[in-house]
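Before any comments, here is the structure.
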Amino acid sequence: MTKRMRNVAISGIGQTRHRGHREDVNMVELVSEAVEAVLEDSKMDLKDIDCIVHGNMELFEGVHQPDMWHVLGDGAYGKAGFRITTGGTTGATIVCSADHLVASGMYDSVLAIGWEKQEEGMTTTGITNMADPLWEREIQTGAITGTHGVMMMNKFGEPANQAAAEFRVLMADNARKNYKAHLRIEITRKDVLASRVLAWPLRLLHMCPESNGACAILFVSEKLAKKLPQKPVWMHDHVTVHRQETFDLVNMGDLDTHGEAARVLYARNGILDPMKQVGVFEMYDPQSWWALDWLGKFLMLENGEQIEMILNGDFAIDGKFPVNPSGGVVSSNPIGATAIIRVAEAALQIRGNAGEHQVPKDVNLAMSTGFGGTFWTVLHLLGAEKPDK
Amino acid sequence: MYTTDKLPLDQKDCFGKFGLMSIPYRYFAGLFLSEAMIALRDDKKILGAKCEKCDKVYVPPRSRCEKDFSKITELVEVGPEGTVEEITVVNYEEEYFKKFCSMLDPPYTMALIKLDGASTKLLHRIPGDKIKRGDRVKPKWAADDKREAMITDIEYFEKV
Amino acid sequence: MGTKTDKQGREIVEIRYEMAIPGTFATGPIMGHMLNKLKDKELWGNRCGKCQNVLFPPKIVCPKCFEEPTEWVKLDDWGYIATFDVVHFPTINPLTGIMREVPYTTLIVALPNGGGFFHFCLENDPEKLAPGKKVIPVWKDKREGRPSDLEGWVLEEGQ
Numbered sequence: 003m004t005k006r007m008r009n010v011a012i013s014g015i016g017q018t019r020h021r022g023h024r025e026d027v028n029m030v031e032l033v034s035e036a037v038e039a040v041l042e043d044s045k046m047d048l049k050d051i052d053c054i055v056h057g058n059m060e061l062f063e064g065v066h067q068p069d070m071w072h073v074l075g076d077g078a079y080g081k082a083g084f085r086i087t088t089g090g091t092t093g094a095t096i097v098c099s100a101d102h103l104v105a106s107g108m109y110d111s112v113l114a115i116g117w118e119k120q121e122e123g124m125t126t127t128g129i130t131n132m133a134d135p136l137w138e139r140e141i142q143t144g145a146i147t148g149t150h151g152v153m154m155m156n157k158f159g160e161p162a163n164q165a166a167a168e169f170r171v172l173m174a175d176n177a178r179k180n181y182k183a184h185l186r187i188e189i190t191r192k193d194v195l196a197s198r199v200l201a202w203p204l205r206l207l208h209m210c211p212e213s214n215g216a217c218a219i220l221f222v223s224e225k226l227a228k229k230l231p232q233k234p235v236w237m238h239d240h241v242t243v244h245r246q247e248t249f250d251l252v253n254m255g256d257l258d259t260h261g262e263a264a265r266v267l268y269a270r271n272g273i274l275d276p277m278k279q280v281g282v283f284e285m286y287d288p289q290s291w292w293a294l295d296w297l298g299k300f301l302m303l304e305n306g307e308q309i310e311m312i313l314n315g316d317f318a319i320d321g322k323f324p325v326n327p328s329g330g331v332v333s334s335n336p337i338g339a340t341a342i343i344r345v346a347e348a349a350l351q352i353r354g355n356a357g358e359h360q361v362p363k364d365v366n367l368a369m370s371t372g373f374g375g376t377f378w379t380v381l382h383l384l385g386a387e388k389p390d391k
Numbered sequence: 008m009y010t011t012d013k014l015p016l017d018q019k020d021c022f023g024k025f026g027l028m029s030i031p032y033r034y035f036a037g038l039f040l041s042e043a044m045i046a047l048r049d050d051k052k053i054l055g056a057k058c059e060k061c062d063k064v065y066v067p068p069r070s071r072c073e074k075d076f077s078k079i080t081e082l083v084e085v086g087p088e089g090t091v092e093e094i095t096v097v098n099y100e101e102e103y104f105k106k107f108c109s110m111l112d113p114p115y116t117m118a119l120i121k122l123d124g125a126s127t128k129l130l131h132r133i134p135g136d137k138i139k140r141g142d143r144v145k146p147k148w149a150a151d152d153k154r155e156a157m158i159t160d161i162e163y164f165e166k167v
Numbered sequence: 008m009g010t011k012t013d014k015q016g017r018e019i020v021e022i023r024y025e026m027a028i029p030g031t032f033a034t035g036p037i038m039g040h041m042l043n044k045l046k047d048k049e050l051w052g053n054r055c056g057k058c059q060n061v062l063f064p065p066k067i068v069c070p071k072c073f074e075e076p077t078e079w080v081k082l083d084d085w086g087y088i089a090t091f092d093v094v095h096f097p098t099i100n101p102l103t104g105i106m107r108e109v110p111y112t113t114l115i116v117a118l119p120n121g122g123g124f125f126h127f128c129l130e131n132d133p134e135k136l137a138p139g140k141k142v143i144p145v146w147k148d149k150r151e152g153r154p155s156d157l158e159g160w161v162l163e164e165g166q
């Protein structure tokens, strides 16, 4: 059991429809759409919210301190405000922060907002600036990398190629059920394998899109959760694992921040068989090759069992262990919002009102992840029951 | 220099490497703000956003009221004259800004100007260093073929 | 600077600009040592006294053990491919502001002394590349103590 001063619930969720083009709004207006949605969902009055936690990746829009000029759109005027920017994990770290702020007793209601308007910048060039300027910035290719694909192909051969493509098809099937998803395309395994190569064996359809979108979640104390109309989703635990900044990819064992986060989370929460005990998994999958590898790491599958599970359809919405019923990151990726969307989607599944992409079962526990930097992991565990029960 | 007794180090290995952080960007003003920017270009009119709930008029226009979070949909004409409320005098040239717009020769004044009918102050520039608080100013518009729906469509403000 | 017309025919203000901020990155004595040695066509890393791992680029602490490295290590100038990327998606190099030409290949070389070397590979055909194949560096004639002193790595003959 984790140490927790008091219980924290999610009592409101708001998202924009994630899109490739949002020229009709500026950044502030995009954020305000998600805030309006969360206020509507939670029936909470903005003036009763104590604190706003806000985040994105500033090099993607080129605006320094966006939290400052976003006050108009996020409702932080006259309130406590915090800014979080931890790369791809931003959304997940915002959730950690909001969870802490309520759990500590500091605030009773915290609004967490992640957003990105990626059409305004050049994502891969922005990402390249995180690399060491003396060495890796001359060489790094942003997030377009097939290195995991190369390693998976080398280890498992053609079945890995087929499974990565099949998982992408599953994500597209799920995204078509989620009207907020950006890419709601109808594709086959053949389409994926015929799409153009970005970085061999990574193909265009394996890769996430650049999206514009925002997501807001309202975190409240137990006392306040009881007064609000939505079924509360309880925060159980979160684990963050970092590693060094340079891309020393020789020993992939070193890179297992996902496995490390999962081991800690499972041990602390009495999870012996994640696929039996956890109902839904919203995984940060920026590309299908990573998804293929990471499913194994999070689920402790040491011999590539996930390959056969994908080909069997075990991760489908009505499968044995549903993964990304929302369509995942390969279907929508407004980066600063992406990891908070994972938490939001996991919470929607527990609430049971995810809509057309709701899994057809009661979800008691759900997991979500964030990924960013040089393989950092944030892993969240949410539950239908309070954690101290 | 960073020192350690564990590894031999040499001062001549400490040097600086020139580098750049160069990224292209776009910024979309959104439909609401665009209307006001286009009015600068086409009609030489300054528009503010009026909150229906609290009557506050934002210049530059904003689509949300900071006070009550209500959505603003009404644009109203303000100015063109206004009153200088705060000033600072600039005595140097900033190379970086020249990339974006033509600059005034120093010394010039950066001023917060409350346009007639506005509730907020607009930041703009005024030639010279003789401007005082309370001075009345009016916009000096850029030539018709030079205006491009930017705040610099007003080249500067000048004394009435 | 200007406006664009969206799909519904509405005029929207769109500002295009390049943010180019110059800076000077301090090498410090450890990174600087490695960069200076590139001028002599030598690759240097350092070794953590605790876990004995070779760190490349050399570091002030071992990221795993948080111990100061205790030894400079001259690395062999050959290695095995650990993994590679044949990149077909052009991006702007933020250090120059210029779009990279595609395709180009990056790779991680597993050096026999230990440590990994992230750089370019001069072979762009993924069919010819595979983890485990032996590669050697190609040096530029003019070297100034920066990563680009190396043209990149090529497959050793017969690989």
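Line order of the protein sequences matches chains A, B and C. Numbered per the working numbering, the first sequence spans residues 3 to 391. Numbered per the working numbering, the second sequence spans residues 8 to 167. Numbered per the working numbering, the third sequence spans residues 8 to 166. We treat Cβ as the ideally placed atom computed from N, Cα and C, and that holds for glycine.
Subject >> Per DSSP, the bridge partner or partners of B:Tyr34 >> reply: Taking the first residue of the second sequence as position 1, residue 34 of chain B is located at position 27. Its beta-bridge partners are C:Ile22.
Subject >> Segment limits, beta strand (DSSP E) that includes A:Arg85 >> reply: Start at 1 with the first residue of the first sequence, and residue 85 of chain A comes out as number 83. Segment Ala82 to Ile86, the beta strand (DSSP E) holding A:Arg85.
**OP:** Would you mind telling me which residues of chain B sit closer than 7 Å to A:Asp26, beta carbon to beta carbon, in chain order?
**Re:** In the first sequence, residue 26 of chain A corresponds to position 24, counting from 1. Going along chain B in sequence order, the residues near A:Asp26 (Cβ under 7 Å) are Gly37 and Leu38.
**OP:** Could you round the C-beta distance between A:Gly128 and A:Gly57 to whole angstroms and report it? I think they count as a contact, below 8 Å.
**Re:** Position 126 of the first sequence, counted from the start, is the residue given in the question as residue 128 of chain A. Position 55 of the first sequence, counted from the start, is the residue given in the question as residue 57 of chain A. That pair is no contact at about 15 Å.
Subject >> the region 114 to 129 of chain B contacting the region 17 to 32 of chain C, beta-carbon criterion three pairs below 8 Å >> reply: no
Subject >> Secondary structure of B:Thr90, DSSP reduced to three states >> reply: The sequence position of residue 90 of chain B within the second sequence is 83, counting from 1. Strand, per DSSP.
Original post:
For C:Asn53, which of C:Lys140, C:Gly159, C:Ile143 and C:Gly123 has the nearest alpha-carbon?
Top reply: In the third sequence, the residue the question calls residue 53 of chain C occupies position 46. Checked all of C:Lys140, C:Gly159, C:Ile143 and C:Gly123; the closest Cα to C:Asn53 is C:Gly123.
Subject >> Where B:Arg48 sits in the DSSP three-state scheme >> reply: In the second sequence, the residue the question calls residue 48 of chain B occupies position 41. In this structure, B:Arg48 counts as helix in the three-state DSSP scheme.
Original post:
Along chain A, in chain order, which residues have C-beta atoms closer than 9 Å to that of C:Ile19?
Top reply: As a first step, residue 19 of chain C is located in the third sequence; it is residue number 12 there, counting from the start. Chain A residues near C:Ile19: Glu25 and Asp26.
**OP:** State yes or no: is the beta carbon of B:Tyr163 nearer than 7 Å to at least one beta carbon in chain C?
**Re:** Position 156 of the second sequence, counted from the start, is the residue given in the question as residue 163 of chain B. Not an interface residue.
Original post:
Okay, do the region 192 to 200 of chain A and the region 318 to 330 of chain A touch, 3+ Cβ pairs below 8 Å being the bar?
Top reply: no
Subject >> Where B:Asp136 falls, given that 16 or more other Cβ within 10 Å makes a residue buried >> reply: Sequence index remark: in the second sequence, residue 136 of chain B carries index 129 (1-based). The residue is exposed, with fewer than 16 neighbouring Cβ atoms inside 10 Å.
**OP:** Starting from the Cα of A:Val380, find the closest Cα among A:Trp202, A:His260 and A:Lys192 and give me that residue.
**Re:** For the purposes of this step, residue 380 of chain A is identified with residue 378 of the first sequence, where counting begins at 1. Taking only the C-alpha atoms, the option nearest A:Val380 is A:His260.
Original post:
Within 10 angstroms of its Cβ, does B:Thr159 collect 16 or more other Cβ (buried), or is it exposed?
Top reply: If you number the second sequence from 1, residue 159 of chain B lands on position 152. By the neighbour-count rule (16 or more Cβ atoms within 10 Å), B:Thr159 is buried.
Original post:
In three-state terms, what does DSSP make of B:Ala156?
Top reply: The residue given as residue 156 of chain B occupies position 149 in the second sequence. Coil, per DSSP.
Subject >> Contact set between A:Val266 and chain C, taken where Cβ atoms lie within less than 8 Å >> reply: Residue 266 of chain A sits at position 264 when you count from the first residue of the first sequence. What A:Val266 touches in chain C: nothing, since even the nearest Cβ is about 17 Å away.
Subject >> According to DSSP, residues forming a beta bridge with B:Gly26 >> reply: Along the second sequence, one-based indexing puts residue 26 of chain B at 19. C:Gly30.
Original post:
For the region 42 to 54 of chain B, which residues have a CB atom closer than 7 Å to at least one CB atom of chain D, in sequence order?
Top reply: Considering every chain present, this structure includes no chain D. Its protein chains are A, B and C.
Original post:
With C-beta atoms as the reference, is B:Arg132 less than 7 Å away from B:Tyr115?
Top reply: Along the second sequence, one-based indexing puts residue 132 of chain B at 125. Along the second sequence, one-based indexing puts residue 115 of chain B at 108. Cβ distance < 7 Å, so B:Arg132 and B:Tyr115 count as in contact.
Subject >> Nearest-angstrom Cα separation, counted from C:Pro36 out to C:Trp85 >> reply: Sequence index remark: in the third sequence, residue 85 of chain C carries index 78 (1-based). Sequence index remark: in the third sequence, residue 36 of chain C carries index 29 (1-based). Cα to Cα, the separation comes out at about 25 Å.
Subject >> 7 Å Cβ cutoff, C:Asn43 in contact with chain B >> reply: In the third sequence, counting from the first residue as 1, residue 43 of chain C sits at position 36. Output row for C:Asn43: interface = yes.
Original post:
Can at least three beta-carbon pairs, one atom from the region 152 to 164 of chain A and one from the region 293 to 312 of chain A, be found at a separation below 8 Å?
Top reply: The region 152 to 164 of chain A makes contact with the region 293 to 312 of chain A, as at least three CB pairs between them are under 8 Å.
Subject >> Beta-carbon proximity check, A:Arg210 vs A:Asn335, cutoff 7 Å >> reply: Here residue 210 of chain A corresponds to residue number 208 of the first sequence, with the count starting at 1. Here residue 335 of chain A corresponds to residue number 333 of the first sequence, with the count starting at 1. It is Cys, not Arg, that sits at residue 210 of chain A in the sequence shown. In contact: A:Cys210 and A:Asn335 (Cβ atoms closer than 7 Å).
Original post:
From this set, A:Leu220, A:Ile189, A:Ser328 and A:Asp390, which residue's C-alpha is nearest A:Glu42's C-alpha?
Top reply: Walking along the first sequence from the start, residue 42 of chain A turns up at place 40. Of the listed residues, the one whose Cα sits closest to A:Glu42 is A:Leu220.
Original post:
Any chance the region 24 to 31 of chain A sits against the region 78 to 94 of chain A, with 3 or more Cβ pairs inside 8 Å?
Top reply: no
Original post:
Taking only beta-carbon atoms, is A:Leu200 less than 7 Å away from chain C?
Top reply: Residue numbering aside, residue 200 of chain A sits at position 198 when the first sequence is read from its first letter. Output row for A:Leu200: interface = yes.
Original post:
Taking the alpha carbon of A:Pro327 as the point to measure from, which residue in A:Gly338, A:Pro276, A:Val361 and A:Glu310 has its own alpha carbon closest?
Top reply: Translated into positions along the first sequence, residue 327 of chain A becomes position 325. Selected option, being the one with the closest Cα: A:Val361.
Original post:
Terminal residues of the continuous beta strand (DSSP E) containing B:Cys21?
Top reply: Translated into positions along the second sequence, residue 21 of chain B becomes position 14. Element bounds for B:Cys21: n/a, residue is neither H nor E.
Subject >> Neighbouring residues, chain C, relative to A:Thr130 (Cβ below 9 Å) >> reply: Translated into positions along the first sequence, residue 130 of chain A becomes position 128. In chain order: Thr98, Ile99, Asn100, Pro101 and Leu102.
Original post:
Can A:Gly93 and A:Trp236 be called in contact, C-beta distance under 7 Å?
Top reply: Numbered from 1 along the first sequence, position 91 holds the residue referred to as residue 93 of chain A. Numbered from 1 along the first sequence, position 234 holds the residue referred to as residue 236 of chain A. Not in contact: A:Gly93 and A:Trp236 (Cβ atoms no closer than 7 Å).
**OP:** Check whether the region 353 to 368 of chain A touches the region 72 to 80 of chain A, taking contact to mean three or more Cβ pairs, one atom from each stretch, closer than 8 Å.
**Re:** no
Subject >> Start and end residues, beta strand (DSSP E) containing A:Tyr268 >> reply: Stepping through the first sequence from its first residue, residue 268 of chain A is reached at position 266. Note, A:Tyr268: premise wrong, no beta strand (DSSP E); alpha helix (DSSP H) at Thr259 to Arg270.
Original post:
Between the beta-carbon of A:Leu267 and the beta-carbon of A:Val243, is there less than 7 Å?
Top reply: Sequence index remark: in the first sequence, residue 267 of chain A carries index 265 (1-based). Sequence index remark: in the first sequence, residue 243 of chain A carries index 241 (1-based). Cβ distance not < 7 Å, so A:Leu267 and A:Val243 don't count as in contact.
Subject >> Interface partners of A:Ser34 on chain B, CB under 7 Å >> reply: What you label residue 34 of chain A is simply residue 32 of the first sequence in a count that begins at 1. Ordered by position in chain B, the residues that pass the 7 Å Cβ test against A:Ser34 are Arg71.
Original post:
Tell me which same chain residues have a C-beta within less than 8 Å of the C-beta of C:Glu25, skipping the five on either side of it?
Top reply: Numbered from 1 along the third sequence, position 18 holds the residue referred to as residue 25 of chain C. The beta carbon of C:Glu25 sits closer than 8 Å to the beta carbons of Gly104 from its chain, once the five residues preceding and following it are set aside; these are given in chain order.
Original post:
Can you find a CB in chain C that lies within less than 7 Å of the CB of A:Met153?
Top reply: What you label residue 153 of chain A is simply residue 151 of the first sequence in a count that begins at 1. True, the Cβ-Cβ gap to chain C drops below 7 Å.
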